[in-house]
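Participant: What follows is a single structure, and I will ask about it in a moment.
Protein chains: 2
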Amino acid sequence: MTESPESRCADSRAIALRLAALSHPARIEILKRLSASSCCSCREVVDHLDLAQSTVSQHLKILVEAGLVRFEADRQRSRYAVDHNALAGVSALLTELVNSCCPAPKRQD
Amino acid sequence: MTESPESRCADSRAIALRLAALSHPARIEILKRLSASSCCSCREVVDHLDLAQSTVSQHLKILVEAGLVRFEADRQRSRYAVDHNALAGVSALLTELVNSCCPAPKRQD
DNA sequence: ATCGTCCATCGGCGATAGACGATGGACGGT
DNA sequence: ACCGTCCATCGTCTATCGCCGATGGACGAT
Numbered sequence: 004m005t006e007s008p009e010s011r012c013a014d015s016r017a018i019a020l021r022l023a024a025l026s027h028p029a030r031i032e033i034l035k036r037l038s039a040s041s042c043c044s045c046r047e048v049v050d051h052l053d054l055a056q057s058t059v060s061q062h063l064k065i066l067v068e069a070g071l072v073r074f075e076a077d078r079q080r081s082r083y084a085v086d087h088n089a090l091a092g093v094s095a096l097l098t099e100l101v102n103s104c105c106p107a108p109k110r111q112d
Numbered sequence: 004m005t006e007s008p009e010s011r012c013a014d015s016r017a018i019a020l021r022l023a024a025l026s027h028p029a030r031i032e033i034l035k036r037l038s039a040s041s042c043c044s045c046r047e048v049v050d051h052l053d054l055a056q057s058t059v060s061q062h063l064k065i066l067v068e069a070g071l072v073r074f075e076a077d078r079q080r081s082r083y084a085v086d087h088n089a090l091a092g093v094s095a096l097l098t099e100l101v102n103s104c105c106p107a108p109k110r111q112d
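What follows is the structure, given as structure tokens:
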């Protein structure tokens, strides 16, 4: 056990934060769109999403701040791209959580 | 491709809903606690969480409604237990999403 | 019958999320 | 120089979240 009582709390907060970034349909859709064309401008996403430009921009910002999407300013055209590693990392974190919950291979009867 | 345009939207909503249930530190902690002792009363969680009983009860309800925790009323003592399958299912969904985002082994130039 | 415990639910409150339109800056084209 | 496009940010509005205390129902014990 490398987990102290407080670090478990911190862990929970950390994973909760990342999952929160993913817990919105629009953001999931955005991720799919981004990955579909490897790199997207905001406009591209807006066209596809049926949301106002400002709203999409905000969602993108949230994804960037969560570290799931990388942003690169290309002149006036913004370029957003999925950070595959980070995304995989979140998935791994969740898997880890699930495993820590599921196995419990300690007999107790 | 077995995905229609609308079903993709529905997919996003479905996974977002489940992830939302997981995107709160307290609920993560609750899951850990539940799995630690295989089955918990509300009281047990309250003692451990440093939150009001009503608050914990609400979080438990959210987890139950998300299908991640099963509820069984045992007399006056409530019994909550992690639904390992459901939890694994969410993890699988996320993994699937990540994979659908990452690989993209289609050359396009 | 009465009390104590456990718990779900209600009502209220402050904070936050999510949506939008408007604004203004940066840039390309004419 | 003047538009048109793209985009981030701001301000605003509403709905929802997260928390709490209070309430009341169900049950066990005395």
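Chains as they are written, first to last, in the numbering used here: chain A, 4 to 112; chain B, 4 to 112. Think of the CB as a built atom: it goes at the ideal place given N, C-alpha and C, for glycine as much as any other residue. In this text, all values refer to a predicted model and were calculated from it rather than measured experimentally.
#1: Which same chain residues end up closer than 6 angstroms to A/S81 when comparing Cβ atoms and leaving out the 5 residues on each side of it in sequence?
#2: Does DSSP classify B/D77 as helix, strand or coil?
#3: Counting pairs of Cβ atoms below 8 angstroms between the segment 23-30 of chain A and the segment 58-75 of chain A, do you hit three or more?
#4: When burial is assigned at 16 or more other CB atoms within 10 Å of the CB, is B/A55 buried or exposed?
#5: Does any residue of chain B bring its CB to less than 8 angstroms from the CB of A/L63?
#6: For A/C43, write down the residues that DSSP places opposite it in a beta bridge.
#7: Going along the chain, which unbroken runs of the beta strand (DSSP E) with 3 or more residues stay wholly within the segment 16-67 of chain B?
#8: Would you tell me roughly how many angstroms separate the C-alpha atoms of A/K64 and B/S38, rounded to the nearest one?
#9: Comparing the C-beta of A/A54 with each C-beta of chain B, is any distance below 8 angstroms?
#10: To the nearest angstrom, report how far apart A/I33 and B/D14 are at their CA atoms.
#11: Between B/D112 and A/G92, what straight-line distance do the alpha-carbon atoms span, to the nearest angstrom?
#12: How close, in whole Å, do the beta carbons of B/C104 and A/L90 come, if the pair is a contact with beta carbons under 8 angstroms?
#13: Just tell me which of A/K35, A/A69, A/V49 and A/S40 has its CA closest to the CA of A/R21.
#14: Would you say B/R80 reaches chain A, if we count a Cβ-Cβ gap shorter than 8 angstroms as a contact?
#15: Please report the straight-line C-alpha distance between A/V48 and A/V85, rounded to a whole angstrom.
#16: Using DSSP bridges, identify the partner residues of A/V72.
#17: Residues of the segment 24-38 of chain B in Cβ contact with chain A at a cutoff of 7 angstroms, in chain order, please.
#18: Where does B/C12 sit, in a helix, a strand or coil, going by DSSP?
#19: Which bits of chain A does B/R16 rub up against, with CB to CB less than 7 angstroms?
Facilitator: In short, the structure shows the following:
#1: Stepping through the first sequence from its first residue, residue 81 of chain A is reached at position 78. Cβ neighbours of A/S81 beyond the five flanking positions: S44 and C45.
#2: Along the second sequence, one-based indexing puts residue 77 of chain B at 74. Of the three classes helix, strand and coil, the one that applies to B/D77 here is strand, per DSSP.
#3: Segments in contact, yes.
#4: The residue you call residue 55 of chain B lines up with position 52 of the second sequence. So B/A55 counts as exposed.
#5: Taking the first residue of the first sequence as 1, we reach residue 63 of chain A at position 60. No, A/L63 does not count as interfacial toward chain B.
#6: Counting from one through the first sequence, the residue named residue 43 of chain A turns up at place 40. According to DSSP, A/C43 bridges with A/Y83.
#7: Within the segment 16-67 of chain B, there are no complete beta strand (DSSP E) runs of at least 3 residues.
#8: Walking along the first sequence from the start, residue 64 of chain A turns up at place 61. Walking along the second sequence from the start, residue 38 of chain B turns up at place 35. Spanning the alpha carbons of A/K64 and B/S38 requires a straight line of approximately 35 angstroms.
#9: Locating residue 54 of chain A in the first sequence gives position 51, counting from the first residue. First, the residue type needs correcting, since residue 54 of chain A is Leu and not Ala in the sequence shown. With a threshold of 8 angstroms between beta carbons, A/L54 makes no contact with chain B.
#10: Position 30 of the first sequence, counted from the start, is the residue given in the question as residue 33 of chain A. Position 11 of the second sequence, counted from the start, is the residue given in the question as residue 14 of chain B. Each residue's Cα considered, the two are about 13 angstroms apart.
#11: Numbered from its first residue, the second sequence carries residue 112 of chain B at position 109. Numbered from its first residue, the first sequence carries residue 92 of chain A at position 89. Low local confidence applies: a pLDDT of 41 at B/D112 is under 50, so the model's placement there is unreliable, with the coordinate-based value given in what follows. Distance between B/D112 and A/G92, taken at the CA atoms: about 29 angstroms.
#12: One-based indexing of the second sequence puts residue 104 of chain B at position 101. One-based indexing of the first sequence puts residue 90 of chain A at position 87. In this structure B/C104 is in contact with A/L90, their Cβ atoms being roughly 6 angstroms apart against a cut-off of 8 angstroms.
#13: For this step, residue 21 of chain A is matched to residue 18 along the first sequence. That would be A/A69, whose Cα lies nearest to the Cα of A/R21.
#14: Locating residue 80 of chain B in the second sequence gives position 77, where the first residue counts as 1. Using beta-carbon distances, B/R80 does not count as an interface residue toward chain A, since no partner is under 8 angstroms.
#15: Residue numbering aside, residue 48 of chain A sits at position 45 when the first sequence is read from its first letter. Residue numbering aside, residue 85 of chain A sits at position 82 when the first sequence is read from its first letter. Roughly 13 angstroms between the two C-alpha positions.
#16: As a working mapping, residue 72 of chain A is identified with position 69 in the first sequence. In the DSSP output, where bridge partners are listed per residue, A/V72 has A/V85.
#17: Listed in sequence order: L25, S26, H27, P28, I31, E32, L34, K35 and S38.
#18: Position 9 of the second sequence, counting from 1, holds the residue named residue 12 of chain B. DSSP places B/C12 in helix when its eight states are reduced to three.
#19: Within the second sequence, the letter at position 13 stands for residue 16 of chain B. The answer, in chain order, is P28.
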